[in-house]
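Undergrad: Residue 348 in UniProt numbering is what sits at position 348 of the sequence shown, and the numbering runs on without skipping anything.
There's a structure below that I have some questions on.
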Amino acid sequence: METTPHPPGIHTLSDSVIRSVALRSSPSRHGRLGGRGYDYSDRLQPNEYLRDRSFAVTEMERITSNDAGLNSLRQSSMVPSTQRPATRHSSAKRYKLSGRRSQKDKEGDTSMAKRRRAYDRMRQQKYQARQREYEEELENATRQVKEETAQLWRYRGKLTSQAPRSLTIWIVATEYLRIFGRGVITCDDITPNDLDFLHAAMAPDVIIDTASGAHTLMRNRILFTQWFPDVRIQLKQLKQITEHSLIAFTTTSFTISAAAMKGAFPHLFQANEGTRSARVAARLRDQHLVLQSSVCFGWDEESKQVIRIHHQVDLVSVLVHILGNLEDVVLVFIGAQISPECVVRDNPSSFTFSCDAE
């Protein structure tokens, strides 16, 4: 490679200009500190220096004017970046940065929502687990109570079956009111031991009010309970009348509902509107009656069995108090399925008995 010892501006400046340019030198260190340094330009004559300087300045202005565009570009490039006007590129950059920040915010919100949903699911699962545990505990407790109840019933049956060999009229009367004190809707409501006790304590041809036989007793008690499901017979006193008879004073209560009226008093239930029977039915409907009652037992000492049971309930006095006259009371029992003593009539048309009492 060939090198030439020429200055870089040799093509723009002529030799005459270069020869006429005076050399400059910066003040020496001593001159800057206050002393006077040696300057090469001091050796030139004043007139020659001024003439050459004015020519050089003129030539430099010409050259500089030709390169004005380059200078303006350089000056614009020297403007600090902080003072540059906003350009399309800078605006796009700021938009991208703001977009990135908003995207990060959205991602942060989404992550927070996911964590929140996960936390809620966890709490829901724990709650459901507790509910399942509670249900299992409740089912186990219910099963245990049922098992204990069945065991107690079996134990009670064993105790009941161990009745005294020598029955008395007092024992029979007490057990009879216990068995039928809350009514009997079906034969299943009476335990086998209670059925065995009734058969053992009653004669085969026992007289039950106006009929006879243990079968009649079961039929009447079941039918009366079906008509009046809330029937209650409460023992108040036991009194022995003679050596072979005993009377139990009781209180009988029940409600005359629409279903009870349909079964026990069908003629009142089917009465035409506006008739006297319909008015009587309206006055009796939903009446809760508390009646004085009694049960009389006849005893056979030789067989140690009951040979007669007679029920008596003072229903007439209560109906007179409600209706206010005997004519309406008589109308109540005309066509009724029960007697004024609350005894079920023989062969009621609305009953089919299927309990094997034999």
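Here a beta-carbon is modelled for each residue, glycine too, at the ideal position from N, C-alpha and C.
On the CB-based measure, 16 or more other CB atoms within 10 Å of its CB, does residue 166 come out buried or exposed?
TA: On the sequence shown, position 166 is the one that residue 166 refers to. With fewer than 16 Cβ atoms within 10 Å of its Cβ, residue 166 is classed as exposed.
Undergrad: Give the single residue among 289, 259, 155, 301 whose Cα lies nearest to the Cα of residue 316.
TA: As a first step, residue 316 must be located in the sequence shown, where it is residue number 316. Minimum Cα distance to residue 316 is reached at 289.
Undergrad: From the DSSP output, in three-state form, read off residue 166 for me.
TA: The residue given as residue 166 occupies position 166 in the sequence shown. Coil, per DSSP.
Undergrad: Could you work out which residue in 235, 182, 151, 127 is closest to residue 173 when comparing CA atoms only?
TA: Taking the sequence shown and counting its residues from 1, the one referred to as residue 173 is at position 173. Residue 173 has its Cα closest to that of 235, out of 235, 182, 151, 127.
Undergrad: Hey, quick one: how far does the beta strand (DSSP E) through residue 305 stretch, first residue to last?
TA: The residue you call residue 305 lines up with position 305 of the sequence shown. From DSSP, the beta strand (DSSP E) with residue 305 extends over 305-313.
Undergrad: How would you write the range of the alpha helix (DSSP H) that residue 192 sits in, first residue to last?
TA: Translated into positions along the sequence shown, residue 192 becomes position 192. Looking at the DSSP string, the run of the alpha helix (DSSP H) that includes residue 192 is 192-201.
Undergrad: On a Cα-Cα basis, can you pick out the residue from 275, 318, 285 that is closest to residue 292?
TA: What you label residue 292 is simply residue 292 of the sequence shown in a count that begins at 1. Answer by Cα proximity: 318.
Undergrad: Return the Cβ separation of residue 294 and residue 333 in integer angstroms, given the expectation that the two are a contact with Cβ distance under 8 angstroms.
TA: As a position in the sequence shown, residue 294 is number 294, starting the count at 1. As a position in the sequence shown, residue 333 is number 333, starting the count at 1. No, residue 294 and residue 333 are not in contact; Cβ-Cβ is about 20 angstroms, not under 8 angstroms.
Undergrad: Just checking, does the segment 249-263 make contact with the segment 206-216 on the three C-beta pairs under 8 angstroms criterion?
TA: No, the segment 249-263 does not touch the segment 206-216.
Undergrad: Can you grab the Cα-Cα spacing for the pair residue 284 / residue 221, in whole Å?
TA: The sequence position of residue 284 within the sequence shown is 284, counting from 1. The sequence position of residue 221 within the sequence shown is 221, counting from 1. Computed Cα separation, rounded: 22 angstroms.
Undergrad: For a test of the three-state rule: what should DSSP assign to residue 212, helix, strand or coil?
TA: Walking along the sequence shown from the start, residue 212 turns up at place 212. Residue state, collapsed to three classes: strand.
Undergrad: Taking buried to mean at least 16 other C-beta atoms within 10 Å of its own C-beta, is residue 277 buried or exposed?
TA: Position 277 of the sequence shown, counted from the first residue, corresponds to residue 277. Buried, by the Cβ-count rule.
Undergrad: Identify whether residue 187 lies in helix, strand or coil by the three-state DSSP scheme.
TA: Indexing the sequence shown from 1 puts residue 187 at position 187. Helix at residue 187.
Undergrad: Just how far apart, CA to CA, sit residue 327 and residue 275?
TA: The count along the sequence shown starts at 1 and reaches residue 327 at position 327. The count along the sequence shown starts at 1 and reaches residue 275 at position 275. Those two C-alpha atoms are separated by around 14 angstroms.
Undergrad: Apart from the five residues on each side of it in sequence, which residues of its chain come closer than 6 angstroms, Cβ to Cβ, to residue 208?
TA: Taking the first residue of the sequence shown as 1, we reach residue 208 at position 208. For residue 208, where only same-chain residues beyond five positions count, the Cβ hits under 6 angstroms are 216, 217, 309.
Undergrad: Please classify residue 176: is it buried, with 16 or more other beta-carbons within 10 angstroms of its beta-carbon, or exposed?
TA: As a first step, residue 176 must be located in the sequence shown, where it is residue number 176. The residue in question, residue 176, is buried, as its Cβ has 16 or more Cβ neighbours within 10 Å.
Undergrad: DSSP three-state call for residue 294: helix, strand or coil?
TA: As a working note, residue 294 is residue 294 in the sequence shown. In this structure, residue 294 counts as strand in the three-state DSSP scheme.
Undergrad: Check for me: the alpha helix (DSSP H) holding residue 278 runs from which residue to which?
TA: Position 278 of the sequence shown holds residue 278. Taken as a continuous stretch (DSSP letters only), the alpha helix (DSSP H) holding residue 278 covers 276-284.
Undergrad: In the DSSP assignment, find the beta strand (DSSP E) that holds residue 271 and state where it starts and stops.
TA: Along the sequence shown, one-based indexing puts residue 271 at 271. It is not in any beta strand (DSSP E) - residue 271 carries neither H nor E in the DSSP assignment.
Undergrad: If you follow the alpha helix (DSSP H) that residue 333 is part of, which residue opens it and which one closes it?
TA: Position 333 of the sequence shown, counted from the start, is the residue given in the question as residue 333. Note, residue 333: alpha helix (DSSP H), 326-333.
Undergrad: Let me know the secondary structure DSSP gives residue 244 once reduced to three states.
TA: Along the sequence shown, one-based indexing puts residue 244 at 244. Here residue 244 sits in coil by DSSP.
Undergrad: For residue 336, report the span of its alpha helix (DSSP H) as first-last.
TA: Numbered from its first residue, the sequence shown carries residue 336 at position 336. Counting along the chain, residue 336 falls outside any alpha helix (DSSP H), and DSSP gives it neither H nor E.
Undergrad: Would you kindly report the start and end of the unbroken alpha helix (DSSP H) that includes residue 263?
TA: One-based indexing of the sequence shown puts residue 263 at position 263. Note, residue 263: alpha helix (DSSP H), 258-264.
Undergrad: If we ignore side chains and look at the alpha-carbon of each, how far apart do residue 342 and residue 189 end up?
TA: Residue numbering aside, residue 342 sits at position 342 when the sequence shown is read from its first letter. Residue numbering aside, residue 189 sits at position 189 when the sequence shown is read from its first letter. If you take the alpha carbons of residue 342 and residue 189, they lie about 22 angstroms apart.
Undergrad: List the residues that DSSP assigns as beta-bridge partners of residue 344.
TA: Taking the sequence shown and counting its residues from 1, the one referred to as residue 344 is at position 344. Paired residue(s): 338.
Undergrad: Count the other CB atoms, across all protein chains shown, that sit within 10 Å of the CB of residue 331; report buried if there are 16 or more and exposed otherwise.
TA: If you number the sequence shown from 1, residue 331 lands on position 331. Buried is the call here.
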